[in-house]
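Student: The numbering of the sequence shown is numbering that gives the first Met the number 0, which starts it at 0 and goes up by one.
For glycine and all other residues, C-beta sits at the position ideal for the given N, C-alpha and C.
Please read these numbers as outputs of a predicted model, since none were measured by experiment.
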Amino acid sequence: MTILKQDIKYLQGVGPNRSALLASELGITTVGDLLAYYPYKYVDRSRIYKISDIDGNMPYVQLCGQILSFESFGEGRNKRLVAHFSDNTGVVDLVWFQGAKYITKTYDCHKPYIVFGKPSMFSGKIQLAHPEIENAPEGMRYEARTTGDLFEQPSTNPNIPSTSTPLQQGQATLPSDEQSAPSAYKGLCPSYNTSEKMKRSGLNSAAMAKLTANMFKLLKNPLDETLPAYITAKYCLMPYDDAVRNIHYPSSPEALRRAQVRLKFEELFYVQLNILRYVKDRQLRYKGLVFSKVGNLFNTFFHNHLPFTLTNAQKRVIKEMHADMKSGRQMNRLLQGDVGSGKTLVALMVSLLALDNGCQACIMAPTEILAEQHVETLRAFLGDMPVRVELLTGTVKGKRRTQILSDLITGDIHILVGTHAVIEESVQFHRLGLVVIDEQHRFGVAQRAKLWMKGAQADGMPSSASSTSDTMPPHVLVMTATPIPRTLAMTLYGDLDVSVIDELPPGRKPIRTIHQFDSHRSRIYELMRRELSIGRQVYIVYPLIKETEKMDMKDLEQGFEEISKAFPMYKVGKVHGKMKPAEKDVEMQRFANHETHILVSTTVIEVGVNVPNASVMIIENTERFGLSQLHQLRGRVGRGADQSYCVLVSKVQLSENTRKRIQIMVDSTDGFEIAEQDLKLRGPGDLEGTQQSGMAFDLKIANLARDGQILNLARTAAQEVIDNDPEERNSQNNVLWTRLRELRKTNINWGAIS
Ligand code: ADP
Ligand code: MG
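1. What is the rounded straight-line gap between the Cα of residue 322 and the Cα of residue 351?
2. Which residue spans inside the region 601–658 form an unbroken beta strand (DSSP E) run of at least 3?
3. What's the gap between the Cα of residue 246 and the Cα of residue 256?
4. Assuming residue 811 is part of the beta strand (DSSP E), what are its boundary residues?
5. Along the chain, where does the beta strand (DSSP E) that runs through residue 539 open and close?
6. Bridge partners for residue 119 per DSSP, in chain order?
7. Among 641, 620 and 616, which residue has its Cα nearest to the Cα of residue 634?
8. Classify residue 51 as buried or exposed, calling it buried when 16 or more other Cβ atoms lie within 10 Å of its own Cβ.
9. What are the partner residues of residue 414, as DSSP defines its beta bridges?
10. Kindly examine the ligand ADP and report whether one of its heavy atoms sits closer than 6 Å to the Cβ of residue 309.
11. Look at the alpha carbon of residue 482 and the alpha carbon of residue 298, and state the distance between them as a whole number of angstroms.
12. Taking C-alpha atoms, which residue in 99, 56, 42 and 54 lies nearest to residue 69?
13. Going by DSSP in three states, residue 15 sits in which element: helix, strand or coil?
14. In angstroms with no decimal places, state the Cα-to-Cα distance between residue 85 and residue 125.
15. Who are the Cβ neighbours of residue 760 in its own chain at under 7 Å, not counting the five residues just before and after it?
16. At what residue ranges does the region 278–337 contain a whole run of the beta strand (DSSP E), taking only runs of 3 or more?
17. Rounded to a whole number of angstroms, what is the C-alpha to C-alpha distance between residue 46 and residue 248?
18. Among the residues of its own chain, which have a CB less than 8 Å from the CB of residue 551, if the five just before and after it don't count?
19. With C-beta atoms as the reference, is residue 392 less than 7 Å away from residue 420?
20. Less than 6 Å between the CB of residue 343 and some heavy atom of the ligand MG, yes or no?
21. Excluding five sequence neighbours on each side, which residues of the same chain lie with their C-beta closer than 7 Å to the C-beta of residue 204?
22. Return yes when the C-beta of residue 576 is under 6 Å from any heavy atom of the ligand ADP, and no when it is not.
23. Based on the DSSP secondary-structure assignment, which residues constitute the bridge partners of residue 71?
24. Comparing C-alpha positions only, which one of 534, 733 and 556 sits nearest to residue 642?
25. Is it buried or exposed for residue 741, if we count other Cβ within 10 angstroms and need 16 for buried?
26. Looking at the structure shown, is residue 483 part of a helix, part of a strand, or coil, going by DSSP?
27. With 7 Å as the threshold, decide whether the Cβ of residue 320 is near any Cβ in chain C.
28. Of the choices 650, 674, 447 and 500, whose alpha-carbon is the least far from that of residue 335?
29. Which residues does DSSP list as the beta-bridge partners of residue 85?
30. Residue 31 and residue 10: beta carbons closer than 7 Å?
31. May I ask you to report which of helix, strand or coil DSSP gives residue 478?
32. Determine the contact status of residue 117 and residue 59, defining contact as a CB-CB distance below 7 Å.
33. How would you write the range of the alpha helix (DSSP H) that residue 543 sits in, first residue to last?
34. Can you tell me whether residue 341 is buried or exposed, with buried defined as 16 or more other CB within 10 angstroms of its CB?
Set out below in C-alpha cells:
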C-alpha cells in the first residue's frame with residue numbers, strides 16, 4: 000500500500016512545520032505512522048448535557064446553547080476572557096487565558112453552539128477552560144441526557160503522561176473546519192496524546208483528529224489485511240481495515256472493543272512470532288552438546304556430599320534440565336525460584352552434569368561479592384571432590400589472572416565463577432558446556448548470544464573438524480529470584496523454557512512482616528533489641544534513588560548516627576554504592592562474619608547475599624521502593640530456622656496506592672503473587688528490562704499488565720504458525736514473514752543479534 004508510505008508532510012493540514020513536529024515529538028513521518036498513532040481515549044460526544052445537571056467533577060461534557068455575553072478580566076498574565084454560556088437550564092463560564100481576540104472575532108452571541116470541555120469549579124461557579132466550540136447543526140435542540148461514558152485507555156507513549164487532557168490551559172482552539180473535521184457530536188471521538196511542544200504550536204488533540212480524518216479521506220480503498228485469513232477466522236478477529244478505522248473513529252462501543260482486540264492481538268502476535276521464529280532459527284542453526292551421562296561426579300555428590308535431601312521442586316527442575324541437555328538441542332532455560340529456594344545447589348548439580356560429560360561450567364553473578372560467596376558455597380558443598388572452582392572478577396589481576404586464564408584453556412579449571420568479566424574476549428575455555436547466569440534479569444538476548452560465541456571458541460580447536468555449521472554453543476541457564484509475571488516472562492524471556500522452584504526447603508518459618516510508622520521508632524528499637532540480645536543480626540536499608548541521591552545519603556548517614564547512639568553496645572556497619580567495591584566487600588564480610596551486628600545500607604545488599612544469622616530487616620521509606628524490590632530485600636532474612644521479621648517503615652501520610660502496596664507485602668510472602676499485584680498497580684512500563692530484552696517491538700496498544708488473555712491467544716497462534724510452517728513454505732503465511740522482517744528492520748535492539 001503505497002499511500003501508507005507517503006511522507007506525512009503532504010497530508011492535508013500538515014506541511015513542513017507540523018511534519019517536523021510530528022517526527023520529532025511522536026516519530027510520525029509517514030501516513031502509515033499516523034494510522035498507527037492510536038487515540039489514548041475516546042469521549043462520547045453523542046450526548047448533550049443540561050447545564051443544570053453538571054458539576055465540577057465530571058470528566059468531559061458537551062453542551063448545546065448560546066453565548067449571552069463576553070467579559071474580560073485582569074491584566075497581563077492574569078488576563079482572561081469569559082463567555083457566559085447558557086442552555087436555558089443554567090449558565091456556565093467559558094474561559095480563555097489566551098487568544099481572546101480570535102475568540103471574540105470568531106464566535107457571536109446568541110448563536111447556537113456545541114461546546115465541549117472539562118468542567119471545573121472556580122469561585123463557586125462552573126467553568127470550562129479553553130473549550131472546543133462548533134456551530135450547532137440546524138434544528139439541534141437543547142436535548143438533555145445525563146450520563147456520559149468515557150472509554151479510557153492509558154497512554155502507551157512513555158514521553159507523554161496519560162493524564163494529559165486534550166484541553167490544556169493556554170492552548171488555542173483551532174478554527175473549526177466543518178468539512179474536514181469529523182462531526183464531533185455524533186459519537187465516540189478520539190483523543191490523541193500530544194506533547195506540550197505540539198500543543199504550543201496548536202497541534203493539540205483536536206488538530207490531530209483533523210489530520211486523522213484527512214488521512215481517512217485519502218484511504219478510500221480498503222487496506223490490505225496484515226494477518227492471514229485463516230488466523231483472523233480462527234480467532235474471530237475484525238478485519239484490519241475495519242479495525243484501524245474503528246480505532247480512530249468508532250462506529251459503536253462494540254466496534255471499538257473489537258478493533259482494540261484485533262489490534263492488540265496483532266501487536267502481541269508479531270512480538271511472539273518474532274521470539275518463536277528466533278527460537279526456531281536458533282534450533283535449526285545450532286546443535287546442542289549432548290550430555291547423555293549421569294556420571295561419577297554427579298552421583299558421588301548426590302550420594303555422599305549432599306548435606307540435606309533435595310526438595311521435590313529441586314529434583315524436578317534438575318530433571319527438566321537434564322532432559323534438555325541430553326536432547327541434542329541447546330538448552331535455554333529460565334529457572335525461577337523465590338529467594339532461598341536453593342537455586343545455587345541446582346546450579347552446582349547441573350554443572351556437575353556438564354563436568355561428567357567432559358565440559359566446563361561457568362557461573363556468572365551480578366556482583367563481586369556474590370561471585371565470591373558462590374565460590375565459597377560451591378567449595379564447601381564439594382568438599383574433597385576433585386572439582387576445581389575458581390573466581391574471576393575485575394579485581395583478580397596480574398599473575399593470578401594470567402594463571403587462571405591459562406588453566407581455563409587447558410581445562411584444569413572445571414567451574415569458573417565470576418562477574419560479567421568472564422564474557423570478555425580474553426577469557427577462553429577449553430570446552431565450555433554450560434553457562435549459568437545468576438540473578439541477572441537484565442541480561443538480555445543479545446548478551447546471551449555473545450555467550451554462544453564462547454561455545455564456538457570453547458571447542459578449542461578452531462582448525463579441526465568442528466566447522467562453523469556445527470558450532471556447539473554452551474547450554475544456558477538463567478536463574479532469577481525476581482518472580483516475573485507470566486505475561487512479562489513470555490515477552491522478556493519468551494525465548495526461554497521455564498522451570499520453577501515453587502517450594503522452599505523444609506523448616507523455614509515464614510517471615511513476619513510488620514508495617515510501622517516512622518514516628519514509632521521505640522517499637523522498632525524494641526524488636527531490634529530483643530533480637531540482638533539473643534545473638535541475631537539486623538539489616539537497615541535506605542532507598543537510594545539517583546535524582547535524590549544527596550538527600551538519600553543524608554538519610555543514611557543520619558540513620559547510621561542514630562542507630563550507633565541508640566545501640567552503643569553493638570557494632571554498626573555501613574555500606575553504600577558510593578564506596579569502592581573493595582571497601583563494600585570488607586563491610587559485607589564483617590557483617591557475614593558477625594563482626595558487626597547491625598548493617599545500615601542502601602539497596603546494594605539486595606541481591607543474593609547470604610547471612611542466615613540475620614533475622615531482622617528494617618526498610619526505611621518503604622513507600623519509595625517497588626514491591627518486587629521489597630520482596631527481594633525481605634528475602635535477605637528468614638534464611639535460617641529462626642523466626643525472622645521484616646519491618647516496613649513509612650511516614651504516616653500515605654497515598655491510597657502506597658497503602659495498598661504495603662498491605663500486599665504484609666499479607667503475602669508469595670513472590671509471584673506480589674509481582675502480579677505490582678504489575679497491576681504500576682503497569683509494565685516501569686518494569687526494567689522491557690527495552691533491553693530486545694524482543695518486544697514497541698507496544699502501541701497492548702498492555703502486558705492487562706492483556707494477558709489476548710497474549711495467550713497470540714502466543715498460541717504464533718506457535719501454530721512456527722510448528723506448521725517452520726520452513727516458511729505456506730504461501731498463506733507470506734504476509735506474516737514480510738511484515739515480521741519489516742518490523743525487525745525498524746527495531747534497533749533486534750538488529751544487534753540477528
Ligand atoms: P537462592 O535460591 O535464593 O539462591 P540459595 O541457593 O542461596 O537460595 O539457598 C538458600 C539456603 O538454602 C542455602 O543456605 C542452601 O544451602 C539452603 N538449601 C538449599 N537447598 C536446600 C534443601 N534442599 N534443604 C535444605 N536447605 C537447602
Ligand atoms: Mg541465589
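Tutor: On the basis of the data shown:
1. Mapped onto the sequence shown, residue 322 falls at position 323. Mapped onto the sequence shown, residue 351 falls at position 352. Between residue 322 and residue 351, the C-alpha separation is close to 15 Å.
2. 613–618 and 644–649
3. Here residue 246 refers to the residue found at position 247 of the sequence shown. Here residue 256 refers to the residue found at position 257 of the sequence shown. When rounded, the distance between both Cα atoms is 9 Å.
4. Here the chain covers residues 0 to 753 and nothing more, so residue 811 does not appear.
5. Residue numbering aside, residue 539 sits at position 540 when the sequence shown is read from its first letter. First-last of the beta strand (DSSP E) with residue 539: 536–540.
6. Taking the first residue of the sequence shown as 1, we reach residue 119 at position 120. Residue 119 is bridged to 126.
7. Residue 634 sits at position 635 when you count from the first residue of the sequence shown. Distance check between residue 634 and each of 641, 620 and 616 places 616 closest, using alpha-carbon atoms only.
8. As a working note, residue 51 is residue 52 in the sequence shown. The residue is exposed, with fewer than 16 neighbouring Cβ atoms inside 10 Å.
9. Numbered from 1 along the sequence shown, position 415 holds the residue referred to as residue 414. In the DSSP output, where bridge partners are listed per residue, residue 414 has 360 and 388.
10. In the sequence shown, counting from the first residue as 1, residue 309 sits at position 310. Yes, the Cβ of residue 309 comes within 6 Å of a heavy atom of the ligand ADP.
11. Here residue 482 corresponds to residue number 483 of the sequence shown, with the count starting at 1. Here residue 298 corresponds to residue number 299 of the sequence shown, with the count starting at 1. Spanning the two alpha carbons is a distance of roughly 31 Å.
12. Locating residue 69 in the sequence shown gives position 70, counting from the first residue. Here the closest residue by C-alpha is 99.
13. To locate residue 15, count along the sequence shown from 1; it is residue 16. Of the three classes helix, strand and coil, the one that applies to residue 15 here is helix, per DSSP.
14. Position 86 of the sequence shown holds residue 85. Position 126 of the sequence shown holds residue 125. CA-to-CA, the gap between residue 85 and residue 125 works out to about 12 Å.
15. No answer is possible for residue 760: it lies beyond the span of the chain, which begins at 0 and ends at 753.
16. 331–336
17. Sequence index remark: in the sequence shown, residue 46 carries index 47 (1-based). Sequence index remark: in the sequence shown, residue 248 carries index 249 (1-based). Those two C-alpha atoms are separated by around 16 Å.
18. Along the sequence shown, one-based indexing puts residue 551 at 552. The residues are 541, 542, 543, 544 and 601.
19. For the purposes of this step, residue 392 is taken as residue 393 along the sequence shown, with counting starting at 1. For the purposes of this step, residue 420 is taken as residue 421 along the sequence shown, with counting starting at 1. Against a cut-off of 7 Å, the Cβ pair of residue 420 and residue 392 comes out as a contact.
20. Counting from one through the sequence shown, the residue named residue 343 turns up at place 344. Yes, the beta carbon of residue 343 sits closer than 6 Å to at least one heavy atom of the ligand MG.
21. Counting from 1 along the sequence shown, the entry for residue 204 is found at position 205. Only residues of its own chain outside the window of five on either side were considered, and among them 165, 190, 191 and 193 have a CB closer than 7 Å to the CB of residue 204, listed in chain order.
22. Stepping through the sequence shown from its first residue, residue 576 is reached at position 577. Not under cutoff, so the answer is no.
23. Within the sequence shown, numbered from 1, the residue matching residue 71 stands at position 72. DSSP output for residue 71 lists 80 as bridge partner(s).
24. The count along the sequence shown starts at 1 and reaches residue 642 at position 643. For the residues 534, 733 and 556, the minimum Cα distance to residue 642 belongs to 534.
25. To locate residue 741, count along the sequence shown from 1; it is residue 742. Residue 741 should be labelled exposed.
26. To locate residue 483, count along the sequence shown from 1; it is residue 484. Residue 483: coil per DSSP, three-state reduction.
27. Judged by its chain identifiers, the structure shown contains no chain C, having just a single protein chain.
28. Taking the sequence shown and counting its residues from 1, one reaches residue 335 at position 336. When each option's Cα is compared against that of residue 335, the closest is 500.
29. Translated into positions along the sequence shown, residue 85 becomes position 86. According to DSSP, which records beta bridges pairwise, residue 85 is partnered with 65 and 90.
30. Working through the sequence shown from its first residue, we reach residue 31 at position 32. Working through the sequence shown from its first residue, we reach residue 10 at position 11. Going by C-beta atoms, residue 31 is not nearer than 7 Å to residue 10.
31. Counting from one through the sequence shown, the residue named residue 478 turns up at place 479. The answer is strand: DSSP assigns residue 478 an E or B state.
32. As a working note, residue 117 is residue 118 in the sequence shown. As a working note, residue 59 is residue 60 in the sequence shown. Taking 7 Å as the cut-off, the Cβ atoms of residue 117 and residue 59 count as close.
33. Walking along the sequence shown from the start, residue 543 turns up at place 544. Here residue 543 belongs to no alpha helix (DSSP H), and DSSP marks it neither H nor E.
34. Here the question's residue 341 lines up with position 342 in the sequence shown. Looking at its Cβ environment, which holds 16 or more other Cβ atoms inside 10 Å, residue 341 is buried.
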